[in-house]
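Residue numbers (this note's numbering): 287 to 498.
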């Protein structure tokens with residue numbers, strides 16, 4: 287009777303030990319490794335131009351490539367973290383502004399991230415992170431923008447008018463086609479007016495904008 291009891295206790299002990307050993311080794315031998323409480327996969331978004339240089343006031347574009355590594359359709363929320371103050375970022379997929387995308391199992395997509403740097407951005411390196419947060423996968427990528435100080439440059443404007451002399455009768459209108467070209471490397475704003483000399487008394491002038 288005592289031998290049967292000892293045998294039963296020994297079997298129970300061995301089964302318990304085997305169960306604990308199986309649980310402790312499960313993460314190493316499981317074909318599916320969980321990286322977090324909510325995601326089965328954690329991957330890095332590909333970006334060949336992850337570090338870019340620009341000037342204050344410019345807009346730059348990052349080309350992000352990511353793949354759904356799971357065997358299921360998944361939907362991803364796109365967002366950034368640690369974006370500098372007053373900077374703006376927009377995600378584009380298939381020429382549309384998006385905040386989220388859906389991918390089939392194994393599908394790869396290119397995401398374009400446009401970042402607007404404010405005019406008052408100080409020179410230096412700025413780092414932020416892009417996330418694509420899905421049901422099964424968390425994808426992310428650190429991006430860097432180096433803001434350079436604008437070089438000193440003479441901002442010149444070229445004004446060209448092929449016809450500078452026209453004849454007209456009283457009460458008629460005349461039109462001058464004036465071409466304005468910004469020779470500066472920066473975007474600029476211009477105020478158009480007539481002066482030195484001013485228009486004759488009772489004459490009026492209007493500017494109409496076109497593009498070439």
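Note that CB positions come from ideal geometry on N, CA and C, so glycine has one too.
Local Cβ density within 10 Å of residue i, reported as buried at 16 or more and exposed below that
| i | result |
| --- | --- |
| residue 357 | exposed |
| residue 392 | exposed |
| residue 418 | buried |
| residue 362 | buried |
| residue 485 | exposed |
| residue 423 | buried |
| residue 457 | exposed |
| residue 360 | buried |
| residue 492 | exposed |
| residue 364 | buried |
| residue 420 | buried |
| residue 243 | Because the chain is modelled from 287 through 498, residue 243 falls outside the range shown and cannot be assessed. |
| residue 495 | exposed |
| residue 387 | buried |
| residue 477 | exposed |
| residue 315 | Note on residue 315: pLDDT 32, under 50, position unreliable in the model; no value is reported. |
| residue 305 | Here the model assigns residue 305 a pLDDT of 48, short of 50, so the residue's position is not dependable, and the following value carries that caveat. It counts as exposed. |
| residue 337 | exposed |
CB-CB length for residue i against residue j, believed under 8 Å
| i | j | result |
| --- | --- | --- |
| residue 345 | residue 426 | About 23 Å separates the two Cβ atoms, so there is no contact after all. |
| residue 432 | residue 366 | Not quite, the Cβ-Cβ distance comes to about 17 Å (not below 8 Å), so this is no contact. |
| residue 341 | residue 436 | 5 Å |
| residue 462 | residue 443 | Not a contact, Cβ separation roughly 17 Å. |
Alpha-carbon spacing of residue i relative to residue j, whole angstroms
| i | j | result |
| --- | --- | --- |
| residue 487 | residue 454 | 17 Å |
| residue 447 | residue 489 | 20 Å |
| residue 406 | residue 460 | 43 Å |
| residue 368 | residue 428 | 10 Å |
| residue 430 | residue 383 | 22 Å |
| residue 445 | residue 483 | 17 Å |
| residue 408 | residue 335 | 22 Å |
| residue 325 | residue 385 | 20 Å |
CB contact check: residue i to chain D, cutoff 8 Å
| i | result |
| --- | --- |
| residue 333 | Considering every chain present, this structure includes no chain D. It has just one protein chain. |
Exercise. Below 8 Å, can you find three or more Cβ-Cβ pairs linking the stretch 389–402 to the stretch 331–351?
Worked result: yes
For this session: At 3 residues or longer, and completely inside the stretch 417–452: list those beta strand (DSSP E) runs for me, N to C.
Result: 423–433, 443–446
For this session: Assess, as a yes-or-no matter, whether the stretch 370–390 is touched by the stretch 466–479 under the definition of 3 or more beta carbon pairs within less than 8 Å.
Result: no
Problem set entry | Those runs of the beta strand (DSSP E) which lie wholly inside the stretch 352–421 and span at least 3 residues | 360–367, 374–379, 382–384, 386–389, 394–402, 410–419
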